[in-house]
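J.: Residue numbers (my numbering): 123 to 613. We treat Cβ as the ideally placed atom computed from N, Cα and C, and that holds for glycine. It should be emphasised that the depicted structure is a prediction, and the values quoted were computed from it without experimental measurement. Please find one structure pasted underneath; my questions will follow.
Here you go:
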């Protein structure tokens, strides 16, 4: 019979399987011989063509083409420099650059399965390799004092042309692979043995029951049939009941293949990996959103910006403090408990903008446009966001960042519901320090939260910021913040 797998029609052998099994942990020699003697069927062809050899051939061809591109590019640069395709200085640059690029490209995964299916990844890898190689070439050239015969024009044109042609080559290769290699650059097989449903794109699949497959460690013929299915596969994913996982794991290890067993527990917990300890194995269910290096970079940016801002804005801060004090003689600052990183409380500082007796310590009542609780000075500093400037001190203390999810009052509501009652992911926004400004604010999600949608939009922006953080993201948001300091939702 035939089995339709995606767009692939695979011929499957018909086997008359006997129900003669050895007890668990035992292997009956007599039963084994009976099974082998009574096995009938034709040889099964591999479930899928091998892509490993194709990948290796493609890597080798790309490697040769890259080196040829460097040589041709510098020949053209020589012609641009002095109408000589074999300009000696350009040829020396090419011959020095080629081995440096080769080593760096092999090291940084320029030639990998991912580079065959994702053009952006492939281009970024080859550009980083060529940039590092050219930087190393410049260092060697000037350190060895051979720069007298160094043509900057030839070097610049040759490098730029190399990057352009190598990038074009990657785009061509990715398109060719997508159009001619089938589901993907790697063969992935999903084995359905009655476990949870698995939906994976660009993968083959086989049903154990429909094809009368079985794990029979007392029957080499049965193992051979299974082996034919996983032949030429790069990864095998097995979905089976809990009682069969141990047998499938044993089989996959014996087959010497990258194998995985689907577990519902991992999905329920949102596990992101496993960690093996000496006496037990644990599921990794969470990780810091930023590495130690990135946390250090973010803290340096925060501290530096806050220190400079406090110094430059000190006259304005003193003036606002004086106006607040003169207006009604009350306290200058409004101090409120907010939720910070790790869902821990901290004391957040703001310039007081409301009458002392009517200040809402828990933030249950949102501020409205014509709120009578706001003072005259308070209305001005709220419209210009000056009331938030004391939070620069929170940044200096390490309670807040310049950019991050805005800290909310504990009693904040949207549509008569507390924020965390609307979406449980609300607590995830506290995995980073709260910020003076954030992605939600520059997108215009500010002011009162009248309905649940107001909170959902802000939360989605906060989670997006956490997932995609880079130093440049913070700088970009800081730049955009200056454009929205005065806005129609500030009151």
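What residues match up with residue 382 in a beta bridge as DSSP calls it?
T.: 359
J.: Among 202, 468 and 600, whose alpha-carbon lies nearest the alpha-carbon of residue 274?
T.: Distances from the CA of residue 274 to each of 202, 468 and 600 were compared; the closest alpha carbon is that of 202.
J.: Quick one: measure Cβ to Cβ for residue 348 and residue 325, integer angstroms, because I've assumed they're closer than 8 Å.
T.: The Cβ separation is near 17 Å, so there is no contact.
J.: Excluding five sequence neighbours on each side, which residues of the same chain lie with their C-beta closer than 7 Å to the C-beta of residue 247?
T.: Cβ within range, chain order: 230, 231, 232 and 237.
J.: Would residue 429 and residue 518 be called neighbours here (beta carbons separated by less than 8 Å)?
T.: yes
J.: In three-state DSSP terms, what is residue 173?
T.: Looking at residue 173 - three-state DSSP - the assignment turns out to be coil, as it is neither helix nor strand.
J.: Can you tell me whether residue 378 is buried or exposed? The criterion is at least 16 other CB atoms within 10 Å of its CB, across all chains shown.
T.: exposed
J.: Per DSSP, which one or two residues make a beta bridge with residue 536?
T.: 539
J.: In terms of residue numbering, what span does the beta strand (DSSP E) encompassing residue 329 cover?
T.: 326-329
J.: Can you grab the Cα-Cα spacing for the pair residue 245 / residue 586, in whole Å?
T.: 25 Å
J.: Does residue 111 come out as helix, strand or coil in the three-state DSSP assignment?
T.: Here the chain comprises residues numbered 123 to 613, so residue 111 is not present and cannot be evaluated.
J.: Over the uninterrupted beta strand (DSSP E) stretch that includes residue 472, give me the two end residues.
T.: 467-473
J.: Assign residue 356 to one of two classes, buried (16 or more other C-beta atoms within 10 Å of its C-beta) or exposed (fewer than that).
T.: buried
J.: Residues in the same chain with beta-carbon distance under 8 Å from residue 447, minus the five sequence neighbours each way, listed in chain order, please.
T.: 454
J.: Quick check on this structure: which residue in 536, 557, 558 and 554 has the alpha carbon closest to the alpha carbon of residue 579?
T.: 536
J.: Which residue comes first and which comes last in the alpha helix (DSSP H) that contains residue 211?
T.: 210-229
J.: For the alpha helix (DSSP H) holding residue 578, just list the boundary residues, first then last.
T.: 574-589
J.: Given this structure, state the Cα-to-Cα distance separating residue 242 from residue 298, to the nearest angstrom.
T.: 15 Å
J.: According to DSSP, which residues form a beta bridge with residue 279?
T.: Per DSSP, none; premise fails for residue 279.
J.: For the segment 506-533, list the alpha helix (DSSP H) runs that are entirely contained and at least 4 residues long, ordered along the chain.
T.: 513-519
J.: Across the segment 519-528 and the segment 553-570, are there enough close Cβ pairs to call them in contact, namely three or more that are closer than 8 Å?
T.: yes
J.: Taking contact to mean at least 3 C-beta pairs separated by less than 8 Å, is the segment 330-349 in contact with the segment 275-291?
T.: Contact between the segment 330-349 and the segment 275-291 is not established, with fewer than three Cβ pairs separated by less than 8 Å.
J.: Just tell me which of 494, 460 and 416 has its CA closest to the CA of residue 596.
T.: Cα-wise, what sits closest to residue 596 is 416.
J.: Would you tell me roughly how many angstroms separate the C-alpha atoms of residue 396 and residue 360, rounded to the nearest one?
T.: 17 Å
J.: Just to confirm, are residue 432 and residue 420 a CB contact at a threshold of 8 Å?
T.: no
J.: Beta carbon of residue 296, beta carbon of residue 180: below 8 Å?
T.: No, the pair does not count as a contact, with Cβ atoms beyond the cut-off.
J.: Beta-carbon separation of residue 393 and residue 384 under 8 Å?
T.: Going by C-beta atoms, residue 393 is not nearer than 8 Å to residue 384.
J.: Going by the CB atoms, is the gap between residue 529 and residue 473 shorter than 8 Å?
T.: Contact flag unset, no.
J.: I need the straight-line Cα distance from residue 228 to residue 204, nearest angstrom please.
T.: 33 Å
J.: Distance, Cα to Cα, residue 367 vs residue 222?
T.: 47 Å
J.: From residue 534 to residue 461, what does the alpha carbon distance come to, in whole angstroms?
T.: 11 Å
J.: Of all Cβ atoms in chain D, is any one closer than 8 Å to the Cβ of residue 494?
T.: Reference to chain D is not applicable here, since this structure consists of a single protein chain.
J.: Whose CA, out of 314, 404 and 342, lies closest to the CA of residue 358?
T.: Nearest of 314, 404 and 342 to residue 358, Cα basis: 314.
J.: Within 10 angstroms of its Cβ, does residue 510 collect 16 or more other Cβ (buried), or is it exposed?
T.: buried
J.: In the DSSP assignment, find the alpha helix (DSSP H) that holds residue 427 and state where it starts and stops.
T.: Element bounds for residue 427: 414-450.
J.: Identify the continuous alpha helix (DSSP H) that holds residue 349 and give its terminal residues.
T.: 342-352
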